[in-house]
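Quick note: the sequence shown, position 10, residue 22 per our numbering, numbers continuous. Using N, Cα and C, we set each Cβ at its ideal position, and we do this for glycine too. Structure record follows, encoded as structure tokens.
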Amino acid sequence: MLVSGLQKSVFHLSEEKEKRHYLYAFFLYKYIHKYQDKLRLQKTNIGLLIKAVKEHVLCLKDCFLIGDTGSTDIISAERANMKKILVRTGWGESSLTKYRNSWIETAPNYIAENLLDVVCWIEDNLRT
13 MLVSGLQKSV
23 FHLSEEKEKR
33 HYLYAFFLYK
43 YIHKYQDKLR
53 LQKTNIGLLI
63 KAVKEHVLCL
73 KDCFLIGDTG
83 STDIISAERA
93 NMKKILVRTG
103 WGESSLTKYR
113 NSWIETAPNY
123 IAENLLDVVC
133 WIEDNLRT
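Right under this line is the structure:
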């Protein structure tokens, strides 16, 4: 769930970037599902990502998955053919060190210090 300060920042950023024909959309999904859906929708399965594709008409190869856990978030993004961004906050630092062996066969496209770093990196990469 977005905290109000972050939500306001995201919407403010979106308004400014629309002037440059950029659109940043943040979709947050929570695991409020029946038990039988849980296995299909939980990471590293990509059921939740497919749900987002259907609900928001997305092309996953053009999307970024931003997460702090390599063994679930980054692997899910890899399986869905998405761009992968690992954030060092939360579990991110230990995901890069202590638990790196659990997702050694894939790598993020970018390792960000925080959410602001993520937004700046995405903006730079949309220009190229």
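Excluding the 5 residues preceding and the 5 following isoleucine 78 in the sequence, name in chain order all residues of the same chain whose CB lies nearer than 7 Å to its CB.
Ile97, Val99, Val130
Going by the DSSP bridge assignment, what does tyrosine 122 pair with across the sheet?
Ile97
Residues near threonine 118 by beta carbon distance below 7 Å, same chain, minus five either side:
Ile86, Ile87, Glu90
Using the Cα positions of isoleucine 134 and cysteine 75, report the straight-line distance between them to the nearest angstrom.
Their backbone Cα atoms lie some 10 Å apart in a straight line.
Expected contact under 8 Å - CB spacing of threonine 56 and aspartate 80 to nearest Å
With a Cβ gap of about 15 Å, threonine 56 and aspartate 80 do not count as contacting.
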